[in-house]
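Numbering (UniProt numbering), first residue to last: 1 to 359. Even glycine gets a Cβ: it sits at the ideal position worked out from N, Cα and C.
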Ligand SMILES: Cc1ncc(COP(=O)(O)O)c(C=O)c1O
């Protein structure tokens, strides 16, 4: 038997592994998971019924073209079917966008800190990450990002609202930035948390896409729509980007359960968005309470808050866990805490209160 192992691509060396939010501890008195920006509500009864019905046929492959979902999305966003592409979560679609645009020698720009999948999927593509630090206010520094564009730039992620800080870029600054980006560079507006935005100055990426052929919008059913476990997201993009997404799609990547649940969720949208409204109310309560306790909290338009705890980050996350909530620490930087059930938010706020007194 040969002693050598199969040759793998050099780019895979040193790739940071994606850290999923820690699950809530099993068996404890209370345990809430506030570490993955999920929707805390269980699936709506109607959506459950649809998925249960679809489960009776999972010996069959799903509809590869996602026909029903695509037509629902095309109507809703008033976009041609050919400008839509679904995938295994929006992170799956983001990876396809990199496959389609970027390889060794190319550059991909994104803010940092931002969604932790960006460095991973960029490195897998073989392209080079160009990270542009957030401003001191924890917001995308769009001027610096435009300055970072070179002849090698192929793709730029703008995460709006930004994960993990929850901060947003507004219409005027985004338009100014897009005016500066060459038209042959793809700008991906990652709007995973779009439904939680209440600031009217934050533009809807779909409106921007209509005017700009180099803009692609990413959306997901994982957050507001509560389908994180089913893995379905989508992109809206002009040709030839949309065609490239069709070429790079994993055949049958989106299960029939996910497709049917997404359609049912769009049809139950009033109820789902009512739940989002409650979470936004909780967000206001959480942020106001934190500020009242003396914390500096960047303005968040997502379903999570960011506390820059620096060296105390890990200790704070441990205190939360002890109290019954699991948060997402970024050691040395800060914690991201999902706005969840009222009881969970209360436990978090109690912990911040006692921690604040110790600081
Ligand atoms: C900014 C951002 N984009 C994309 C995703 C991926 O979501 P999904 O792949 O579940 O659609 C996430 C999930 O945390 C996110 O925070």
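- Residue 250 counts as exposed, since fewer than 16 other C-beta atoms from the protein chains shown sit within 10 angstroms of its C-beta.
- Each of 37, 89, 90, 91, 115, 159, 163, 190, 192, 220, 222, 228 and 233 has a C-beta closer than 6 Å to some heavy atom of ligand 1; these make up the full list, in chain order.
- Scanning its chain for C-beta atoms nearer than 6 Å, with the 5 sequence neighbours on each side dropped, one finds around residue 110 the residues 118 and 157, in chain order.
- By the 16-neighbour rule on beta-carbons within 10 angstroms, residue 70 is buried.
- Inclusion of residue 18 and residue 173 in the CB contact set at 8 Å is not warranted, their separation being larger than that value.
- The beta-carbon separation of residue 94 and residue 218, rounded to 6 Å, stays under the 8 Å limit for a contact.
- Under the 10 Å beta carbon count, residue 279 is surrounded by 16 or more other beta carbons and is classified as buried.
- Within the same chain, 44, 224, 225, 226 and 265 come within 8 Å of residue 272 by CB-CB distance, once the 5 residues on both sides are set aside.
- Judged by beta-carbon spacing, residue 107 lies within the 8 Å limit of residue 127, meaning their Cβ atoms are closer than that value.
- Where residue 129 is concerned, the enclosing beta strand (DSSP E) starts and stops at 128 to 133.
- Secondary structure of residue 45 (DSSP, three-state): helix.
- Rounded to whole angstroms, residue 140 and residue 133 show a C-alpha spacing of 8 Å.
- Taking a 10 Å sphere around the C-beta of residue 58, we find fewer than 16 other C-beta atoms and assign the residue as exposed.
- With respect to residue 325, residue 34 sits close: the two C-beta atoms are nearer than 8 Å.
- A residue is called buried when at least 16 other Cβ atoms come within 10 angstroms of its Cβ; residue 307 meets this threshold and is buried.
- By the neighbour-count criterion, in which a residue is buried when 16 or more other Cβ atoms sit within 10 angstroms of its Cβ, residue 150 is exposed.
- Between residue 245 and residue 96, the C-beta gap is smaller than 8 Å, which places the two residues in contact.
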